[in-house]
Amino acid sequence: MQMENQSDRLLPKIVKDVCRRRAIQCDAFSDNWVLRLQRDGLVRWIVGYATDINTAASADLAADKVGCYQALRSAGIPAVEHYLVRSRAADVFLAKNVELLPQNEPVIVKPLLEHGGKGVLSFGTIAAAERYVMGRPSGGWALSPRHEIMREDRYVVLDGRVLLVYSKTQPANRDGLPMFNLGQGAVAQVVEPDQRACELAVGAAAATGLRLCVADIVWLADGSQRILEVNKSFVIERFARQSPECYEYAQQAYEQIITAMMRG
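Heads up: the sequence shown at position 115 corresponds to 104 in our numbering, and the numbers run straight through without jumps.
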């Protein structure tokens, strides 16, 4: 689904520049939302920000906050808890999924399949979160304990190797809840990889079956590191616009992504 002004997107320009350098034919459809890459009989697609380097199942798993958390937990990878709850349309809150959470401590509610901080809210108790969710017309939701997050970094992983790391600094404040999303006003700063965080990011990619994996890793107040969420694609628009340096980093990352795509 196209959700923005296509003429303003940087990704098609970056992809086309890479393709020219690599002798790859690039054809654009649907106002640059769909890109077809061809070379030596091999055809690959980029639709929006999704590439076909990942399988459909792995991409869908990454989009599902609860399913992804459970896959990470099963693999022994520390991750922020996400429990499935449902709105009024299902006529059940699935309280058994959150019975291990403290009843009188703050929790975070997120739409199950949204990203970029959309729809994320904080509530003082599970009961307050339940009232909110049950008042929504439809859909699945993820419920998490509210951790004190001191830092959030994004790790871009390709075929088990970290391509790029940036820290999300100067988080925006949404009613007392720090929002580390660039789309909500945070500022990207490219940083050196942290060894333990690299291990978590690469492990998350393996656990979810993602060749291209974008892992958000948080540092909690107790000093521990956890995977917050995993993404199936590297959305570069706001990152690349932060500075000429960030644009160059985004271009270098996609050069490697496209090279891997065209290897089959």
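The C-beta atom is built at its ideal place from N, Cα and C for all residues, glycine as well.
Q.
Is it buried or exposed, E137, if we count other Cβ atoms within 10 angstroms and call 16 or more buried?
A. Counting Cβ neighbours within 10 Å, E137 comes out exposed, since fewer than 16 surround it.
Q. Helix, strand or coil: which one does DSSP assign to I216?
A. strand
Q. Are the beta-carbon atoms belonging to Q214 and A186 less than 7 Å from one another?
A. yes
Q) On the three-state DSSP scale, how would you describe L102? A) coil
(Q) Considering only their Cβ atoms, is the gap separating L73 from V55 smaller than 7 Å? (A) At the C-beta level, V55 and L73 come within 7 Å of one another.
Q. Residues in its own chain within less than 8 Å of A196 by CB, not counting five upstream and five downstream?
A. Around A196: A60, L61, S63, A64 and I66.
Q: Go through its chain and collect everything with a Cβ distance to N43's Cβ below 7 Å, but skip five positions before and after it.
A: Only L199, R200, L201 and K221 meet the Cβ criterion.
Q. So, using beta-carbon positions, are R75 and G129 closer together than 7 Å?
A. yes
**Q.** Given 8 Å, three or more beta-carbon pairs between the stretch 99 to 107 and the stretch 115 to 129
**A.** yes
(Q) Between which two residues does the beta strand (DSSP E) holding L209 run? (A) Where L209 is concerned, the enclosing beta strand (DSSP E) stretches over L201 to L209.
Q: Please decide whether P67 counts as near chain B, where near means a Cβ-Cβ distance under 7 Å.
A: In the structure shown, chain B does not exist; there is a single protein chain.
Q: Determine the DSSP secondary structure at L(-1), reduced to helix, strand or coil.
A: Taken through DSSP and simplified to helix, strand or coil, L(-1) comes out as coil.
Q: Could you give the DSSP three-state label for L147: helix, strand or coil?
A: strand
Q. Can the beta-carbon of V219 be found closer than 7 Å to that of S133?
A. no
Q) When the Cα atoms are used, what is the spatial distance from R143 to P167? A) Whole-angstrom Cα-Cα distance: 16 Å.
(Q) Do V96 and R135 count as a contact pair if the criterion is CB distance below 7 Å? (A) Less than 7 Å divides the Cβ of R135 from the Cβ of V96.
Q. Are the Cβ atoms of I216 and A193 separated by less than 7 Å?
A. yes
Q.
According to DSSP, simplified to helix, strand and coil, what is Y38?
A. coil
Q) Nearest-angstrom Cα distance between M(-10) and Q14? A) Because the pLDDT of M(-10) is 45, which lies under 50, any placement of that residue in the model is unreliable, and the number read from its coordinates should be weighed accordingly. Those two C-alpha atoms are separated by around 24 Å.
(Q) Using only CA atoms, which one of N21, W208, G30 and D20 lies nearest to A12? (A) For the set N21, W208, G30 and D20, the Cα lying nearest the Cα of A12 is the one of G30.
Q) By Cβ distance, which residues of its chain are closer than 7 Å to S156, with the 5 residues on each side in sequence left out? A) If we look at S156 and ignore the five residues flanking it on each side, its Cβ neighbours are R140, D142, Q178 and V180.
(Q) In whole angstroms, give me the CA-to-CA distance for V122 and W34. (A) For V122 and W34, the distance between alpha carbons rounds to 37 Å.
Q: Could you spell out the range, first to last residue, of the beta strand (DSSP E) harbouring Q92?
A: Q92 -> no beta strand (DSSP E), and no H or E assigned at all.
(Q) Short of 7 Å in beta carbon distance, which residues of its chain neighbour K5, apart from the five on each side in sequence? Order them along the chain. (A) Taken in chain order, the residues that qualify are C15.
Q.
Let me confirm a value: C8 is counted as buried when at least 16 other C-beta atoms fall within 10 Å, else exposed. Which label applies?
A. buried
Q. Under 6 Å from any heavy atom of the ligand MG, does the C-beta of A60 make it?
A. No copy of the ligand MG appears in this structure; indeed no ligand is present at all.
Q. What does V154 pair with, by DSSP beta-bridge criteria?
A. Y144
Q.
Can you list, in chain order, the residues of its chain with a C-beta nearer than 8 Å to that of M251? Leave out the 5 residues immediately preceding and following it.
A. R11, I13, L26, R28, L31 and R33
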